[in-house]
Each structure stands twice: as structure tokens, then as C-alpha cells.
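**Q** Just remember that my numbering sits 25 ahead of the position in the sequence shown, which is counted from 1. Note that the Cβ used here is the ideal one computed from N, Cα and C, for glycine as well. Model, not experiment: these values are computed from the prediction. Here it is: the structure, laid out below.
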Amino acid sequence: MNIRIFKSEHELDAYGADFIASRVKENPASVLGLATGSSPIGIYKQFIALAKEKKLSFKEVQTFNLDEYIGLSPSHPQSYHYYMQMHLFKHIDIDEAKIHIPKGDHPDPEQACTEYDQLLEQIQIDVQILGIGQNGHIGFNEPAQELISGTHIVELDESTRKANARFFESIDQVPTHAITMGVGSILKAREILLIVKGASKAEAVHKALNGPITTSCPASLLQTHPNLTVLLDEDARRLLK
Ligand code: F6R
């Protein structure tokens, strides 16, 4: 496990963007696993800047997003489809056919999970970007007695709905369910880049990286990955041994 601590958000984002950009330059047809939320936004901004300066092309890159809310259409401003368009895709030269995001508005969400797994079976993600929930979730794999390997429907924890309510007008509007890639698919990635910022994540970081490997902290399973890089700011590393 490679842990890096940064004094400023800008330095962290620049390191993260360089990390992935170097992989894409080595292999222009890289497969990237993408996350939404606030953690990767700075890295996506740097991708956009690199793409505008013609220093990085996403033309051949394939992307697989971790998750999507059930019941929100791609045009809903809080859907992860919309987030990805706004924060990355519409600003870069990516081929739309190479973008994959679970279909939260599929009439049969179980079928949407099966179809997503069929796609994931055909590839290996080269670099998986992850954030972490305050409760230790990765993707939307919430703490539970058992974790699921493949793409599945999940009922969101109350704590996750509360944390994400900041993006909605009220908590009642936060969907109760989502589709998420499973921990098996996440751990199958060649490399994982975990990005964590802020004091509210310090406890989760401590449990994930110092604590026992347990399904009650899904991120602790990352300790089993042979190629994990963790980027932390000073606040997020506070409790780390
Ligand atoms: C988002 C995702 C989640 C977030 C996590 C942290 O696609 O899968 O696991 O990475 O909830 O969210 P932020 O970055 O908003 O603190």
C-alpha cells in the first residue's frame, strides 16, 4: 500500500491527475473506473485542463462508473450520469460509446445489474478511482454482514442519504436505492487510487487502513489489494497510525 499525504487539495489533485494521465499516456486505450461525489472533482478539473491543452486524449479510453441512483434519469441534475457529463465528459474528447454507467432508470434494475456485469466481465479496469463514505463504504457497498461481489441493487444507509442530501433540496429527495458495482469487481482492478479529503473522513480512513478487514467497513477490503495508492490530505490522515 502506498500512502501519500498532501498539504493542499491542489497538490493532491495534481498528483492524482498525473498518476492517471501517465497510465493513459502509456496505454491510450486504458480502462478507467470512475467515481462521483466531491472527492474526484479536482482531478477531473485537471483532466479537463490537460485535454484542453491537448496534453491528454481520452479518445480511446473506456470508462466504467461505480454507481448510479435508482429512479433518476440521466438528465436529472443529481444523477451520476449528469454529474459525469458536467464534471468531465462534455469537456473532453471521449467517445460516448466507451462510457459506461449503471442504468438507474432501467425499468428492470436487476436486469441493469446483469447487463453491467456482462460488460465488466469482458474487461479489466486498469485504474479504479475511489472515494470513501464516512461509514467506510466504497461505491455504494454499505457496511453489512455480507458483501456482494458483482453489480447489485443496494438500499442506501441513512448516513449515506444524509451525507448526500447536500446535493439535493432536501433529504426526502435523495433516492433510497442505488445500483453499485460490487466489491469483487472493484478489487479486480489492476490498480486502485483512493482519494480522501477532510476531517469527516478521518475515522473511516483509520478503520479502512489500520483496522481489521471486515465487511462492517467495506473499504478495509482494500488492504487485500496488491496495488493500492491512497491520497490523503492532512485532515483525513489525522487518526492514521
Ligand atoms: C461515488 C461513490 C461513493 C463516494 C463516497 C464519497 O460514485 O461511489 O462511494 O466516493 O460516498 O463521496 P464524497 O467524495 O462526495 O465525499
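#1: Would you mind giving the Cβ-Cβ distance between Ile126 and Tyr105, rounded to the nearest angstrom? I have them listed as a contact below 8 Å.
#2: Enumerate in chain order the residues of its own chain whose CB-to-CB distance from Thr254 is below 6 Å, with the five nearest sequence positions on each side excluded.
#3: Let me check you understand the geometry: is the CB of Ala42 closer than 8 Å to at least one non-hydrogen atom of the ligand F6R?
#4: Check whether the Cβ of Lys226 lies closer than 8 Å to any heavy atom of the ligand F6R, and answer yes or no.
#5: Our contact map puts Leu256 next to His231 with C-beta atoms below 8 Å; I'd like the distance itself, whole angstroms only.
#6: Please name the residue or residues paired with Ile30 in a DSSP beta bridge.
#7: Output needed for Glu216: all residues of its chain with C-beta closer than 6 Å, excluding positions within five of it in sequence on either side, in chain order.
#8: Ala76 by DSSP, collapsed to three states: which one?
#9: Is the Cβ-Cβ distance between Val208 and Asn166 less than 9 Å?
#10: Taking the alpha-carbon of Gln110 as reference, which of Glu146, Ala60, His162 has the nearest alpha-carbon?
#11: Out of His250, Ser98, Ala137, which has the shortest C-alpha to C-alpha gap to Thr205?
**A** Taking the structure as given:
#1: 6 Å
#2: Asn27, Leu218
#3: no
#4: yes
#5: Not a contact, Cβ separation roughly 16 Å.
#6: Leu257
#7: Val152, Asn252
#8: helix
#9: yes
#10: Ala60
#11: Ala137
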